[in-house]
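Asks: I'd like to ask some things about the structure below.
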Amino acid sequence: NPDGAARYEQNWLKHPEPSWKNNFEKARLNANDVDLNRDWLELTQRETQAIHKFIRTIHPEFVMDLHEYYWKDGYPPEIPTADEDGFMATMTDCPFFGVHEQVALICRELMEEISPPLENEFNWKIKLRHFIGEKRNTYSTPSYLGIYLALSGIPKLLVETWGVGCSTLLLKERIAFHTRAIRLSIDGVSKRLSFFQKMKQMNSMIERNFLVTEEAKAKRFTALLKKQGIHFTVDGTSIRVKVLKLQMGFVEAIFNEINN
Numbered sequence: 011n012p013d014g015a016a017r018y019e020q021n022w023l024k025h026p027e028p029s030w031k032n033n034f035e036k037a038r039l040n041a042n043d044v045d046l047n048r049d050w051l052e053l054t055q056r057e058t059q060a061i062h063k064f065i066r067t068i069h070p071e072f073v074m075d076l077h078e079y080y081w082k083d084g085y086p087p088e089i090p091t092a093d094e095d096g097f098m099a100t101m102t103d104c105p106f107f108g109v110h111e112q113v114a115l116i117c118r119e120l121m122e123e124i125s126p127p128l129e130n131e132f133n134w135k136i137k138l139r140h141f142i143g144e145k146r147n148t149y150s151t152p153s154y155l156g157i158y159l160a161l162s163g164i165p166k167l168l169v170e171t172w173g174v175g176c177s178t179l180l181l182k183e184r185i186a187f188h189t190r191a192i193r194l195s196i197d198g199v200s201k202r203l204s205f206f207q208k209m210k211q212m213n214s215m216i217e218r219n220f221l222v223t224e225e226a227k228a229k230r231f232t233a234l235l236k237k238q239g240i241h242f243t244v245d246g247t248s249i250r251v252k253v254l255k256l257q258m259g260f261v262e263a264i265f266n267e268i269n270n
């Protein structure tokens with residue numbers, strides 16, 4: 011998002027001090043004032059469309075989603091370690107309803123494997139699933155990249171450090187944390203190549219009928235499927251979808267979205 015990066019730089023040059031007030035919220039938006047990490051269902055923006063096409067082209071075995079988060083109410087403090095949590099990081103696997111069990115399993119394993127060495131090495135508290143919580147029995151809207159990937163059958167791990175509003179406070183350490191997380195994840199994936207191979211082998215095409223009796227909902231459902239490049243046929247009120255087995259959770263989430 012070069013537009014957002016330019017906005018951030020302009021704001022930072024005016025207010026370079028670490029402060030929870032300097033979160034520069036609009037810096038996460040593109041030139042059309044759209045948050046690209048809320049556009050993965052609708053795919054309205056060229057940037058999201060390009061990344062979506064790239065993901066569908068390379069079919070990644072694993073994706074790391076790297077972020078920095080914002081903590082309001084007076085943060086950051088003058089001395090990070092003065093807070094009871096210290097300088098905190100978070101990590102989230104795929105605890106979303108509808109994610110294939112094999113995808114959920116590998117993501118949880120990797121999260122639980124790399125978080126202890128990171129916590130020990132940086133002496134930062136790591137809260138697992140801090141913003142998500144435990145798995146629920148309802149679908150999550152796949153507008154966020156992480157939810158979109160997981161429901162689409164692509165294992166992912168979200169790694170976040172507390173950094174929005176922190177300016178250059180512990181910047182080298184924040185970068186080093188993400189770098190180390192990437193390295194540990196690569197090692198973890200490398201040890202599980204046979205698991206990933208098995209997932210590929212079982213990821214065959216499957217078909218399923220979805221009954222949509224309302225015309226407006228049918229149009230909405232098929233429009234979203236078309237945007238996502240998902241094959242379907244229509245026979246009256248029955249919409250037959252053909253998709254990879256690991257991707258069916260995404261189709262179910264779309265179906266749930268149009269019915270709520």
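With the numbering used here, letter number 225 in the sequence shown gets 235, and the count goes up by one each step, no holes. Think of the CB as a built atom: it goes at the ideal place given N, C-alpha and C, for glycine as much as any other residue.
For Q112, I'd like the list of residues in its chain whose CB is within less than 7 Å of its CB, leaving aside the five on either flank, ordered along the chain.
Replies: The residue labelled residue 112 in the question sits at position 102 within the sequence shown. So the list reads M209, once near-sequence residues are dropped.
Asks: For K236, name the three-state secondary structure that DSSP assigns.
Replies: Within the sequence shown, numbered from 1, the residue matching residue 236 stands at position 226. The answer is helix: DSSP assigns K236 an H, G or I state.
Asks: Could you give the uninterrupted runs of the beta strand (DSSP E) lying entirely in the segment 144-187, keeping only those of 3 residues or more?
Replies: 166-174, all fully within the segment 144-187.
Asks: Which residue marks the beginning of the alpha helix (DSSP H) containing F265, and which one marks its end?
Replies: On the sequence shown, position 255 is the one that residue 265 refers to. Residues M258 to I268.
Asks: Buried or exposed: which applies to E131, given that a residue is buried once 16 or more other Cβ atoms fall within 10 Å of its Cβ?
Replies: On the sequence shown, residue 131 is found 121 positions in, with the first residue counted as 1. So E131 counts as exposed.
Asks: Please report how far the alpha carbon of L234 lies from the alpha carbon of G156, in whole angstroms.
Replies: Numbered from 1 along the sequence shown, position 224 holds the residue referred to as residue 234. Numbered from 1 along the sequence shown, position 146 holds the residue referred to as residue 156. Cα-Cα distance, rounded: 18 Å.
Asks: In whole angstroms, give me the CA-to-CA distance for K182 and M212.
Replies: Taking the first residue of the sequence shown as 1, we reach residue 182 at position 172. Taking the first residue of the sequence shown as 1, we reach residue 212 at position 202. If I take the Cα positions, the gap works out to 42 Å.
Asks: For the segment 160-167 against the segment 23-41, are there 3 or more C-beta pairs whose distance is under 8 Å?
Replies: No, because fewer than three Cβ pairs between the segment 160-167 and the segment 23-41 fall closer than 8 Å, the two stretches do not touch.
Asks: How many Å lie between E19 and L179 at the Cα?
Replies: The residue you call residue 19 lines up with position 9 of the sequence shown. The residue you call residue 179 lines up with position 169 of the sequence shown. Between E19 and L179, the C-alpha separation is close to 16 Å.
Asks: Can the beta-carbon of I124 be found closer than 8 Å to that of G173?
Replies: For the purposes of this step, residue 124 is identified with residue 114 of the sequence shown, where counting begins at 1. For the purposes of this step, residue 173 is identified with residue 163 of the sequence shown, where counting begins at 1. No, the pair does not count as a contact, with Cβ atoms beyond the cut-off.
Asks: Would you say T247 and L221 are within 8 Å of each other, going by their C-beta atoms?
Replies: Locating residue 247 in the sequence shown gives position 237, counting from the first residue. Locating residue 221 in the sequence shown gives position 211, counting from the first residue. Going by C-beta atoms, T247 is nearer than 8 Å to L221.
Asks: Only counting the same chain, and skipping five residues up and downstream in sequence, which positions put a Cβ closer than 6 Å to that of F106?
Replies: Within the sequence shown, the letter at position 96 stands for residue 106. The residues are S150, I157 and A160.
Asks: Reducing DSSP to helix, strand and coil, say where F242 ends up.
Replies: Numbered from 1 along the sequence shown, position 232 holds the residue referred to as residue 242. DSSP places F242 in strand when its eight states are reduced to three.
Asks: Below 8 Å between beta carbons: does that hold for S153 and R48?
Replies: For the purposes of this step, residue 153 is taken as the residue at position 143 of the sequence shown. For the purposes of this step, residue 48 is taken as the residue at position 38 of the sequence shown. Contact: yes.
Asks: According to DSSP, A191 sits in a beta bridge with which residue or residues?
Replies: On the sequence shown, position 181 is the one that residue 191 refers to. Paired residue(s): none; A191 is not in a bridge.
Asks: Looking only at its chain, what residues have a beta carbon closer than 6 Å to the beta carbon of E129, apart from the 5 residues adjacent to it on each side?
Replies: Translated into the one-based positions of the sequence shown, residue 129 becomes position 119. Cβ neighbours of E129 beyond the five flanking positions: I136.
Asks: If you drop the 5 nearest sequence neighbours on each side, which residues of the same chain put their C-beta closer than 6 Å to that of K237?
Replies: Here residue 237 refers to the residue found at position 227 of the sequence shown. So the qualifying residues of the chain are L53.
Asks: Could you have a look at E52 and say whether DSSP puts it in helix, strand or coil?
Replies: Position 42 of the sequence shown, counted from the first residue, corresponds to residue 52. In this structure, E52 counts as coil in the three-state DSSP scheme.
Asks: Give the straight-line distance between the Cα atoms of E27 and S177, rounded to the nearest whole angstrom.
Replies: As a working mapping, residue 27 is identified with position 17 in the sequence shown. As a working mapping, residue 177 is identified with position 167 in the sequence shown. Approximately 6 Å, taken between the alpha carbons.
Asks: What's the call for I116, buried or exposed, on a 16-neighbour Cβ count within 10 Å?
Replies: Numbered from 1 along the sequence shown, position 106 holds the residue referred to as residue 116. Label assigned to I116: buried.
Asks: Closest by CA to P271, which one among N269, I192 and R139?
Replies: Since the first residue of the chain shown is 11 and the last is 270, residue 271 is not available in this structure.
Asks: Just grab the DSSP bridge partners of H77 for me.
Replies: In the sequence shown, residue 77 corresponds to position 67, counting from 1. E170.
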